[in-house]
Amino acid sequence: MHKYVLKRLILMVPIILGVIFIVFTITSLTPGDPGRMMLGMTASQEAVDKLNEELGFNDPYVVRFAKYLGNIVRGDFGKSYKNNQPVFDEIFARFPTTLKLALASITVTILIGIPLGVLAAVRQYSKLDMISTVSALFIAAVPSFWLALVCILAFSLHLGWFPPNGIGSIAHYVMPTFTLSVVYAASILRMTRTTMLESIRQDYVRTARGKGATPAQVIWRHALKNALLPVVTSMGMSFGGLLGGAVVIEQVFGMPGLGTLLINAIKMKDIPQVMAITIFLATLFCTIMLLVDILYAFIDPRIKARYTS
Amino acid sequence: MKKLLGAVGIMLVLVMVLTGCAGKDPAQTAAPSKSDTAGADAPGQTGDGRTDIVIGMAGEPVSVEPQSAYDAAGSKVVCNVYDGLVDVDDDNNIIANLAKDWDISDDGLVYTFHLRDDIRFHNGDPLTAEDFVYSIEKAIELGYGEETTGVIDHVEATGEHTLDVTLKHPYKPMMQNFAHSKYLYVVNSKLAKEAGDNFAINPVGAGTGPYKFVSWTSGVNVKLEANEDYHRGAPAIKEATFKFIPEQSSGAIALETGDVDVYTDLSFVDVPKLMEKDDIQVDVTLGRYAYYLCMNQTKEMFQDIRVRQALAYSINMDEFILAVLNGIGGTKTGNVVFPDTFGYAEGYPPFEQNVEEAKRLLAEAGYPDGISFTILATDGLRKVSAETLQGMMAKSGIDVKIDLLDFSAMVDKQVTDQHDVIIMNSSAPIEDADSELTDKIMSGKWGNFSRYANPVVDDLMVQARMELDDAKRADLYAQIQEILRTELPIVPMYYAHVASGANANLKGFRAWGSTYIFLRGMSW
């Protein structure tokens, strides 16, 4: 197990290097320059050139890439073009908002998606199954910004229950969490239903029933454990995605998370900031996927046995 | 089972929301929310006895140091924290501010300011001429405010409270620059030097203005508090919070729910709905932007005046403003100079659509079968504008293609002269024809994307800029505007409006066209 984890950790290095290379290259290939972005349409070309020179943007691609790699090896991720502040200061200022939103959303997703998915499978073709499957299909097809705006209109404007914008209290997180989690819950529900349908028809489930276990025990302990594997993978990826910033939701609800930071940095061609966020997220995502794989071992003893052998 | 019930309940609520709200117009059914749901920092709807204010704006500042706050959000903060040498009254006449009086040398090159000796920065340090030297030199070095600082040659302190600003050439509207340009506001040089790069995001104590900078929480808000010792009297509102609400529709809703007291960047789609509300006041005013068509005159087709005129006659500006700006986002114009500026000449009404005239002019110019060209556009306003023009111009036999690009890709094409036609807007920092015309029509200027080069116009522009006599200057600009109308190097379209909304109880509120918002005159 330890060996496996170590191997995975080492494997993260080339993955992240690849991410750095790809993102750096793309930002260099796209037209435009930070000087023009910052000074706008009406600024003179001399002013733009001068600013680009100061930012070190005029060096050739290879030189900039080499310099950049050299710097991050020394732990220097550079300063934002926008305000000359170390890029990770901004990331750490924004990350708590994103993390809170992601944790809340994934929790609600699990609480809605898995029980409903299981029930839909157990009572296949029942009314409950019909309602939950159809509404899940519907919600999965709804654009999240629309759902967010409808929520604001209904719960902020009409009912006045929740603030429409910003952060600061738990109430601020209710609507963003709800909008994010219903969309994810819809897909988790459908996935749980499918995998549960498969596993309740397995021989070992029949055996469990045969030996006299209660229906609840059969379903929650025996069948679900096996059905959960693909669901856990999917949830891990959803969580990673949520950490990357629910860009649209953050924007609509005016939440200062990583997503809005990344979008603004891309718009401004703030390369050091874009790179730092990407590296941070790639590392985080790899770590989460590793944790998901370790979690597998606890859910499925067969996999644990494979790690130890 | 409890979990199941809860989940089913949520689903039911969701279904109700989805079906119940989709068809209704919220403006007709919504009752103004009185409940205070937003926690401690949310204001209620009534204004009695309040001394705080929450201002929502569409962006987050790039900086709160005046010399580098080049964006609209940054302007709104710095204009309340810092002060300039002089200011203007309601009629745009220059009045004293940090400078109690001033002399201008006969050749118009040297401006000598005598500063007040009783001014202190928010941290208690006294204001000296050295602070202005530092601030103005920093502005020139950074270059963000080139339009207003570019004319300054050098600046020196000739006494503790005496400042000499020397220009590169005489420039009559310079006093307007000193009054309006945030880049020429003063910062505490001692604090700025100590803080280094941190100064732009945390300039505590560095201003002399009516409000003191308190804090800036990245992505959330900027907080200010009243400067009780302000030399022109303490402001009525004691605590101000600038909140960042990037989505305009969210901003309008935040205003309706009372989550913010002011939203400065309303979309014209939301304005009519908000205007009907009793508890909200909306102000629409002229922005400092004129929109116009640039026709690239390095292309043979556009060198013919008749083709340029045909374009002007092919546009129905009333319809355009209705379709693109919801009928309220602009005022059509036949002149890019603003009516309230120095040098504006009357007698150039907007063009009216005349399909027959447009066709006749094109035929006369040798294009009886019409012409075809491309408009460069970016997603958003430029795209919608281009699509609307496409439909209108088709009637006059003009075939418009649209090249949809990323902003920087579009600028790349313009700079390398690959464009046919673009819809331009350019801001003018001060209300003077020099500021409003130079970049649009002088040859060799960066913003002259019609590539118009007329030595007569260039010469008149230089003369007008150097002239110190107001009557003569105005006459020169009148001549220039006459040539622009005849030769039509650019087709003026409309003056853009800006719309801001506020709680109806807020007194002294209005929309500023200049990206600023001055809190000092506001009260509950």
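Protein chains in written order, with the working numbering: chain S, 142 to 450; chain P, 726 to 1249.
All C-beta atoms in this analysis are idealised placements derived from N, C-alpha and C, irrespective of residue type, glycine included.
Ends of the beta strand (DSSP E) at residue i?
i: S/Ser322; result: Taken as a continuous stretch (DSSP letters only), S/Ser322 belongs to no beta strand (DSSP E), being part of the alpha helix (DSSP H) at 311-340.
i: P/Val1125; result: 1123-1130
i: P/Leu840; result: 835-840
i: P/Thr1103; result: 1096-1103
i: P/Glu1156; result: Element bounds for P/Glu1156: n/a, residue is neither H nor E.
Starting from residue i, follow the alpha helix (DSSP H) in both directions and report where the run begins and ends.
i: S/Ile232; result: 228-263
i: S/Phe198; result: Note, S/Phe198: premise wrong, no alpha helix (DSSP H); not H, not E.
i: P/Asn805; result: 797-806
i: P/Leu1201; result: 1195-1212
i: P/Ser975; result: 973-982
i: P/Glu964; result: Taken as a continuous stretch (DSSP letters only), P/Glu964 belongs to no alpha helix (DSSP H), being part of the beta strand (DSSP E) at 964-969.
i: P/Ser1225; result: Premise fails: P/Ser1225 lies in the beta strand (DSSP E), 1215-1228, not in any alpha helix (DSSP H).
i: P/Gly781; result: First-last for P/Gly781: 777-782, but that is the beta strand (DSSP E), not the alpha helix (DSSP H).
i: P/Trp941; result: Counting along the chain, P/Trp941 falls outside any alpha helix (DSSP H), though it belongs to the beta strand (DSSP E) covering 936-942.
i: S/Thr428; result: 412-440
i: P/Asn902; result: 899-905
i: P/Glu919; result: 914-920
i: P/Asp1183; result: 1180-1191
Just the chain P side, please: which residues come within less than 8 Å of residue i by C-beta, in chain order?
i: S/Thr401; result: Gly944, Pro971
i: S/Ile132; result: Residue 132 of chain S is absent from the model: chain S starts at 142 and stops at 450.
i: S/Gly197; result: Ordered by position in chain P, no residue passes the 8 Å Cβ test against S/Gly197, which lies about 15 Å from the chain.
i: S/Ile308; result: Val945
i: S/Val90; result: It is not possible to answer for residue 90 of chain S, since the shown part of chain S is limited to 142 through 450.
i: S/Glu339; result: Those do not exist, as S/Glu339 stays about 22 Å from chain P at its closest Cβ, beyond 8 Å.
i: S/Ser328; result: Correct list: empty, because the minimum Cβ distance to chain P is about 15 Å.
i: S/Lys191; result: Gly868
To which residues of the same chain is residue i closer than 6 Å at the C-beta, ignoring the five residues directly before and after it?
i: P/Ala1328; result: Because residue 1328 of chain P is not part of the residues shown, which for chain P are 726 to 1249, the question remains open.
i: S/Asp270; result: Ala261, Arg264
i: P/Pro791; result: Val803, Tyr807, Lys907, Tyr910
i: P/Ala1035; result: Ala1083, Leu1086, Leu1087
i: S/Pro155; result: none
i: P/Ser788; result: Ala794, Gly799, Ala925
Note down, in chain order, every chain P residue with its Cβ under 7 Å from the Cβ of residue i.
i: S/Pro284; result: Under the 7 Å cutoff, chain P gives no residues; its nearest Cβ is about 13 Å from S/Pro284.
i: S/Pro305; result: Ser975, Ile978, Ala979, Thr982, Asp984
i: S/Val393; result: Glu972, Ser975
Can you find the residues in the same chain that come closer than 8 Å, C-beta to C-beta, to residue i, ignoring five residues on each side of it along the sequence?
i: S/Trp361; result: Val259
i: S/Val324; result: Ile280, Ala281, Val283, Ser285, Leu288
i: P/Asn848; result: Asn913, Leu916, Val929, Gly930, Ala931
i: P/Thr883; result: Thr837, Ala854, Asp889
i: S/Met178; result: Lys408, Met409, Lys410
Give every residue of the same chain whose Cβ lies closer than 7 Å to the Cβ of residue i, excluding the five residues on either side of it in the sequence, and list them in chain order.
i: S/Thr419; result: Val160, Val164
i: P/Pro971; result: Ala783, Gly784
Here's the rule: buried if 16 or more other CB atoms are within 10 angstroms of the residue's CB, otherwise exposed. What is residue i?
i: S/Arg447; result: exposed
i: P/Asp1157; result: buried
i: P/Phe1234; result: buried
i: S/Lys268; result: exposed
i: P/Tyr1017; result: buried
i: S/Phe233; result: exposed
i: P/Gly748; result: Interpretation of P/Gly748 is limited by its pLDDT of 33, a score under 50 that renders its predicted location unreliable; the figure taken from the coordinates is listed afterwards. Exposed is the call here.
i: P/Gln901; result: buried
i: S/Pro201; result: exposed
i: P/Ser1039; result: buried
i: S/Phe303; result: buried
i: S/Arg443; result: exposed
i: P/Glu1192; result: buried
i: S/Glu231; result: buried
i: S/Leu278; result: exposed
i: P/Asn1150; result: buried
i: P/Ala1224; result: buried
i: P/Asn946; result: buried
By the criterion of Cβ-Cβ separation under 8 Å, what are the contact partners of residue i in chain S?
i: P/Val912; result: By Cβ distance, chain S contributes nothing, its closest Cβ being about 16 Å from P/Val912, past 8 Å.
i: P/Lys968; result: Asn306, Gly307, Gly395
Can you pull the chain S neighbours of residue i, defined as C-beta to C-beta under 7 Å?
i: P/Arg1146; result: Residue identity check: residue 1146 of chain P is Val in the sequence provided, not Arg. Going along chain S, no residue has its Cβ under 7 Å from P/Val1146, so there is no contact; the nearest lies around 16 Å.
i: P/Ala925; result: Asn224, Asn225
What residues of chain S sit near residue i, judged by a beta carbon separation below 9 Å?
i: P/Val787; result: Met179, Lys223, Asn224, Met409
i: P/Trp827; result: The premise fails here: P/Trp827 is roughly 28 Å from chain S at the closest Cβ pair, so nothing lies under 9 Å.
i: P/Ala1133; result: First, the amino acid is wrong: residue 1133 of chain P is Ser here, not Ala. Result: Thr171, Pro172, Gly173, Asp174, Arg177, Met178, Lys410.
Entirely enclosed alpha helix (DSSP H) segments - the region 1011-1048 of chain P, minimum 4 residues: 1030-1038
Could you tell me which whole beta strand (DSSP E) segments of length 3 or greater appear in the region 341-408 of chain S? none
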